[in-house]
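Sequential numbering of the sequence shown, starting at 1, is according to full-length UniProt numbering. Cβ atoms here follow ideal geometry from the backbone N, Cα and C, with glycine treated the same way. One structure is given here, and the rest of the page talks about it.
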Amino acid sequence: MEAAGPLPHSPVLPEDRPGRHGPAPRAHRTGAPVALITGASSGIGAAVATRFAAEGGWQLLLNGRDQERLDRIADHCGATALPCDLSDPAGCGQLVERALDVAGGVDVLVAGAGIGWAGPFMAMPPAAIDEVLAVDLAAVMHLTRRVLPDIVRRDRGHLLFVGSIAGAVGVREEAVYSAAKAAVAAFAESLRYELAGSRVRVSVVVPGAVNTPFFTRRGAPYQRSRPRPIAPARVADAVWDAVAHERSEVFVPGWLQLPARFKGLAPALFRRLATRFA
Ligand SMILES: NC(=O)c1ccc[n+]([C@@H]2O[C@H](COP(=O)([O-])OP(=O)(O)OC[C@H]3O[C@@H](n4cnc5c(N)ncnc54)[C@H](OP(=O)(O)O)[C@@H]3O)[C@@H](O)[C@H]2O)c1
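This is how it looks when you write it as structure tokens:
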């Protein structure tokens, strides 16, 4: 296979340079496929790490900020902990750099790190807007930008982004979070066109409410009666399913695709009903 070289129309990053990691395709250090999972110190990301570990045969690289929690999950999964903050591009670059140094390549990126913010948009502090966009959207793009040259060079790999039903339908008092998740879905869709014809896959897993510390951490408890929060292990199953069966989009629970499709087909009616019944 020929080395693909740097992506067109883009500045050359250290990991784009053919000499940086030797000639492509590079063998991974352990021979096992490598999954880099962000958000792995808690909730969905921790469940995804546990799911991949249960499948066996993977080299797992786990990211989060809380070193103690991350180490505990990494020990449990036989994984390597690579803690760092992803709220700026430098952190994303450092993480991928360390991942490539440790493992020699990344086959699957599960971008699961995320934060929420809930409340009226006019009450949202500008710094909170920046933070939600940085972690939920920009980090996904920066990680992808850093990891993709290696994947394209080997013409094999899978990018999986954790989206949200909020991005598919929009949610009152979660305007910026919903916008970030919608943008992640559009980013994935656009990348798929760019990568068509290659063996690189892009998936988005779209959960509804999930029973994790997410709501406590954003400072606003989950108060809707529907959808009812599901266990993070169910989202991890959906992530595994998307990777194993190369699915582009997986809603979890599955019935959530109905409101998303309905909104696509009849947006005005959907909006009227959503406004009335929230
Ligand atoms: N829970 C839900 O109802 C729900 C529904 C739909 C989608 N999601 C999405 O699912 C993903 C995971 O959420 P969760 O429910 O598992 O929440 P969670 O339990 O709060 O976990 C969030 C994870 O993101 C990491 N993270 C946050 N900010 C970070 C930063 N600046 N740099 C690096 N890592 C950072 C956290 O690391 P530390 O803890 O180490 O700081 C943690 O591992 C998010 O993208 C979220 O938007 C959640």
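Any non-hydrogen atom of ligand 1 closer than 8 Å to residue i Cβ
| i | result |
| --- | --- |
| Thr-38 | yes |
| Leu-61 | no |
| Arg-139 | Residue identity differs from the one stated: residue 139 is Ala in this sequence, not Arg. Yes, ligand 1 has a heavy atom inside 8 Å of this Cβ. |
| Cys-77 | no |
| Ile-115 | yes |
| Tyr-193 | no |
| Phe-214 | yes |
| Leu-109 | no |
| Asp-136 | yes |
| Arg-272 | no |
| Gly-93 | no |
| Ala-166 | yes |
| Pro-232 | yes |
Span separating the alpha-carbon of residue i from that of residue j
| i | j | result |
| --- | --- | --- |
| Leu-70 | Ala-260 | 34 Å |
| Ala-268 | Trp-255 | 21 Å |
| Arg-272 | Met-122 | 23 Å |
| Cys-92 | Leu-143 | 5 Å |
| Leu-137 | Gly-56 | 30 Å |
| Ser-248 | Asn-211 | 24 Å |
| Asp-130 | Thr-38 | 19 Å |
| Val-140 | Ile-165 | 17 Å |
| Gly-45 | Gly-170 | 23 Å |
| Ala-127 | Ser-42 | 24 Å |
| Ala-274 | Ala-168 | 13 Å |
| Thr-80 | Phe-262 | 42 Å |
| Gln-94 | Leu-109 | 15 Å |
| Arg-72 | Gly-64 | 12 Å |
Cβ shell of residue i (< 8 Å), same chain only, five flanking positions each side left out
| i | result |
| --- | --- |
| Ala-99 | Val-34, Leu-36, Leu-61, Leu-82, Val-106 and Val-147 |
| Trp-240 | Val-48, Arg-51, Phe-52 and Glu-55 |
| Ala-266 | none |
| Pro-213 | Ser-42 and Gly-43 |
| His-21 | Summary for His-21: the model assigns pLDDT 40, below 50, so the residue's position carries little reliability; its value from the coordinates is reported in the next sentence. Once the five neighbours on either side are set aside, the close Cβ partners of His-21 are Glu-15, Leu-100, Gly-104, Gly-105 and Asp-150. |
| Cys-77 | Ala-49, Thr-50, Phe-52, Ala-53, Leu-60 and Leu-62 |
Contacts around residue i, its chain only, beta-carbon distance under 6 Å, and the 5 residues preceding and following it disregarded
| i | result |
| --- | --- |
| Ala-188 | Phe-161, Val-202 and Val-204 |
| Ala-233 | Ala-47 |
Contact test: residue i Cβ vs ligand 3 heavy atom, cutoff 8 Å
| i | result |
| --- | --- |
| Gly-45 | Judged by which ligands are present, ligand 3 is missing from the structure shown, whose ligands are ligand 1. |
Beta-carbon proximity list for residue i, same chain, < 7 Å, skipping 5 on both sides
| i | result |
| --- | --- |
| Gly-219 | none |
| Val-117 | Sequence check: residue 117 is Trp here, not Val. Here the set comprises Met-124, Ala-128, Val-132, Val-176, Tyr-177 and Arg-218. |
| Arg-29 | Ala-103 and Gly-104 |
What alpha helix (DSSP H) runs, 4 residues minimum, are completely inside the segment 103 to 144? Along the segment 103 to 144, the alpha helix (DSSP H) occurs as fully enclosed runs of 4 or more residues at 126 to 133, listed in sequence order.
Taking the runs of the alpha helix (DSSP H) that are 4 residues or longer, which of them lie wholly in the segment 230 to 263? Fully enclosed alpha helix (DSSP H) runs of 4 or longer: 232 to 244.
My parser needs the alpha helix (DSSP H) runs of 4 or more residues fully inside the segment 154 to 237; what are they? For the segment 154 to 237, whole alpha helix (DSSP H) runs of length 4 or above, ordered along the chain, are 165 to 169, 175 to 195 and 214 to 218.
I'd like to know if the segment 225 to 241 and the segment 174 to 182 are in contact, where contact means that at least 3 CB-CB pairs between them fall below 8 Å. With the cut-off at 8 Å, the segment 225 to 241 and the segment 174 to 182 do not touch.
Of all the alpha helix (DSSP H) runs that stay within the bounds of the segment 36 to 62, which reach a length of 4 or more residues? Within the segment 36 to 62, the complete alpha helix (DSSP H) runs of at least 4 residues are 43 to 55.
Under 8 Å, with one C-beta from each stretch per pair, do the segment 119 to 135 and the segment 150 to 169 reach the 3-pair mark? Counting C-beta pairs closer than 8 Å gives fewer than three between the segment 119 to 135 and the segment 150 to 169, which falls short of the contact rule.
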